[in-house]
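K.L.:
Pasting a structure below so you can have a look.
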Amino acid sequence: TTAKITIQHDLFYDYLINSFSMEEAKQYLKANEEGIRLIKRIINENNIKCDYKEQTAYVYAASVNEVEDLKKELKAYEKLGIDGFYTDTVPIPNKAYGAIGVRNQGQFNPLKYLYSLYNILNQSNCQIYENVRALNIVPHDEHVDVETESGTIHADKVIVASHYPFDNSFGLYFLRLYQEKEYVIAARTNEPPFEGMYINNNDPTYSLRYQFSDKENLLILAGGNHRVGEKDDENESYNELERFLNSNFKNPQIVSKWSTQDCMTYDKIPYIGRYTDSIDNLYVATGFKKWGMSHSGAAALILKNKILCIEDDYSGIFNPSRFTPVQSSKEFVSSVKSIALGFLNRLEEDLEELSKVNPGEGKIVDYDGKKVGVYRNEAGEYFCINPVCSHLKCALAFNEAEKTWDCPCHGSRFDIKGNILEGPAVLPIDKIKIK
Numbered sequence: 235t236t237a238k239i240t241i242q243h244d245l246f247y248d249y250l251i252n253s254f255s256m257e258e259a260k261q262y263l264k265a266n267e268e269g270i271r272l273i274k275r276i277i278n279e280n281n282i283k284c285d286y287k288e289q290t291a292y293v294y295a296a297s298v299n300e301v302e303d304l305k306k307e308l309k310a311y312e313k314l315g316i317d318g319f320y321t322d323t324v325p326i327p328n329k330a331y332g333a334i335g336v337r338n339q340g341q342f343n344p345l346k347y348l349y350s351l352y353n354i355l356n357q358s359n360c361q362i363y364e365n366v367r368a369l370n371i372v373p374h375d376e377h378v379d380v381e382t383e384s385g386t387i388h389a390d391k392v393i394v395a396s397h398y399p400f401d402n403s404f405g406l407y408f409l410r411l412y413q414e415k416e417y418v419i420a421a422r423t424n425e426p427p428f429e430g431m432y433i434n435n436n437d438p439t440y441s442l443r444y445q446f447s448d449k450e451n452l453l454i455l456a457g458g459n460h461r462v463g464e465k466d467d468e469n470e471s472y473n474e475l476e477r478f479l480n481s482n483f484k485n486p487q488i489v490s491k492w493s494t495q496d497c498m499t500y501d502k503i504p505y506i507g508r509y510t511d512s513i514d515n516l517y518v519a520t521g522f523k524k525w526g527m528s529h530s531g532a533a534a535l536i537l538k539n540k541i542l543c544i545e546d547d548y549s550g551i552f553n554p555s556r557f558t559p560v561q562s563s564k565e566f567v568s569s570v571k572s573i574a575l576g577f578l579n580r581l582e583e584d585l586e587e588l589s590k591v592n593p594g595e596g597k598i599v600d601y602d603g604k605k606v607g608v609y610r611n612e613a614g615e616y617f618c619i620n621p622v623c624s625h626l627k628c629a630l631a632f633n634e635a636e637k638t639w640d641c642p643c644h645g646s647r648f649d650i651k652g653n654i655l656e657g658p659a660v661l662p663i664d665k666i667k668i669k
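First residue of the sequence shown: 235, per our numbering; consecutive thereafter.
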């Protein structure tokens, strides 16, 4: 995560007003405002030391052609009562042709915040069980059973907050979500840090801000987005970020690199509420796009209200059972193509020979007449798996940057030994022995 706590989600409110309605745009805005308020209140009331800092959030124009889009969004701000502004002065080293800003947003260190939440819950005798994988959900009239590797959990009500909903029995979430990768670099820049959080709207997209702490201030640079499993060489995404970094900062030093994975809905609105209309005691929160911090706070409030039967005036737009064919059509068509490709690759993929897999590479090979996913490490050892996702049997693709097997259909990821790294898959993939 880039850990921005903001209502400014790229250029989004003009889209909401025109693709949904003014009323639904207000619901989206209010839910995120309330979610941010909740996070701030938790930090302040519990004196959580998580490097929280109020900042102005900006969307900037990386070309002259993008300025008009900024001004359209600013008009949407005015209609919704968002205290936004336009500026020609953008204090970032790369070229910007103007920006729209929203004051009093926030940034923090999410791990420090999460550890503090754990301590607070632990002191309140709230039980947290780690390393127990849920495998199946069985709703009943009065309760819900969650089947796990270690036994069955019985609960009056259950919230599925597993990033991507893993149960395919109801809700059809595997047809309604896709997953997208984003790459992040943390770097020392050897120059005074700028204030504010910045992102441009068009491709290629770059998000940049500084993480301020007592020890040092690090630039957090993100970009290189693509659907999971669809890039020929994921290293190129890191290379793209490094080129941007070296072009705009003097002698930067990369401290760390990592990737994130985001669940995306086709109409760009999260699913928060009852898992399906037909099940009263099962709830879901997913599809937060790139804006999980504010949406997580909004989801906490919406689901609390649902469970306690409290009415609110902002949850309607997030209804998981909504039907939005017009808003969803473009992304849905793209996703169908990805899923079809995932199945077709099983039939048409060109196979390598085992001897042609070089150290550090992963390939699909023909071994004794069968397709085998092979990774060869630098010591020459082979790690072999069945290159088919355990979720819904799509063909896996090897991720060169992170040495993982990724599913282009729904975004599951596995390590070189077949262990699960990312859902919705709940079972590992089979290992294959070679002589």
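Just so it is clear, CB atoms sit at the ideal spot from N, CA and C, and this is done for glycine as well.
I need the straight-line Cα distance from residue 355 to residue 289, nearest angstrom please.
P.N.:
Answer to the nearest angstrom: the Cα atoms are 28 Å apart.
K.L.:
Could you work out which residue in 447, 419 and 411 is closest to residue 477 when comparing CA atoms only?
P.N.:
Ranking the options by Cα distance to residue 477, first place goes to 419.
K.L.:
Please confirm whether residue 513 and residue 421 have their CB atoms less than 7 Å apart.
P.N.:
Not in contact: residue 513 and residue 421 (Cβ atoms no closer than 7 Å).
K.L.:
By Cβ distance, which residues of its chain are closer than 7 Å to residue 306, with the 5 residues on each side in sequence left out?
P.N.:
Closer than 7 Å at Cβ, skipping near neighbours: 248.
K.L.:
Which residues mark the beginning and the end of the beta strand (DSSP E) in which residue 632 is found?
P.N.:
From DSSP, the beta strand (DSSP E) with residue 632 extends over 631 to 633.
K.L.:
Starting from residue 344 and walking both ways along the beta strand (DSSP E), at which residues does that stretch end?
P.N.:
Segment 344 to 357 is the alpha helix (DSSP H) holding residue 344; no beta strand (DSSP E) there.
K.L.:
If you count every other CB in all the chains shown that lies within 10 Å of the CB of residue 661, and 16 or more means buried, which is it?
P.N.:
Exposed, by the Cβ-count rule.
K.L.:
Can you give me the Cβ contacts of residue 542 inside the same chain, cut-off strictly under 6 Å, excluding the 5 residues immediately before and after it?
P.N.:
The answer is none, since no qualifying residue turns up.
K.L.:
Would residue 511 and residue 555 qualify as a contact pair, given that the criterion is a beta-carbon distance under 7 Å?
P.N.:
The answer is yes: Cβ separation under 7 Å.
K.L.:
Output needed for residue 519: all residues of its chain with C-beta closer than 6 Å, excluding positions within five of it in sequence on either side, in chain order.
P.N.:
Excluding positions up to five away in sequence, the list reads 395, 506 and 533.
K.L.:
Which partner residues does residue 518 have in the DSSP bridge list?
P.N.:
Bridge partners of residue 518: 394 and 507.
K.L.:
In terms of residues, what are the limits of the beta strand (DSSP E) holding residue 596?
P.N.:
It spans 596 to 601 - the beta strand (DSSP E) in which residue 596 sits, taken as one unbroken run.
K.L.:
Is the CB-CB distance between residue 597 and residue 606 below 7 Å?
P.N.:
Cβ distance not < 7 Å, so residue 597 and residue 606 don't count as in contact.
K.L.:
Report, in whole angstroms, the separation of the C-beta atoms of residue 441 and residue 236, which I expect to be a contact under 8 Å.
P.N.:
Residue 441 to residue 236, Cβ: 5 Å. Contact.
K.L.:
Can you tell me which of the three DSSP states residue 334 falls into?
P.N.:
In this structure, residue 334 counts as strand in the three-state DSSP scheme.
K.L.:
Under 6 Å from any heavy atom of the ligand SAH, does the C-beta of residue 608 make it?
P.N.:
Of the ligands one can find in the structure shown there are none, so the ligand SAH has no counterpart to examine.
K.L.:
What residue range does the alpha helix (DSSP H) around residue 539 cover?
P.N.:
Note, residue 539: alpha helix (DSSP H), 526 to 541.
K.L.:
Report yes if the C-beta distance between residue 414 and residue 498 is below 7 Å; otherwise report no.
P.N.:
For residue 414 and residue 498, yes; Cβs fall inside 7 Å.
K.L.:
What are the residues that DSSP puts in a beta bridge with residue 661?
P.N.:
DSSP output for residue 661 lists no bridge partner at all.
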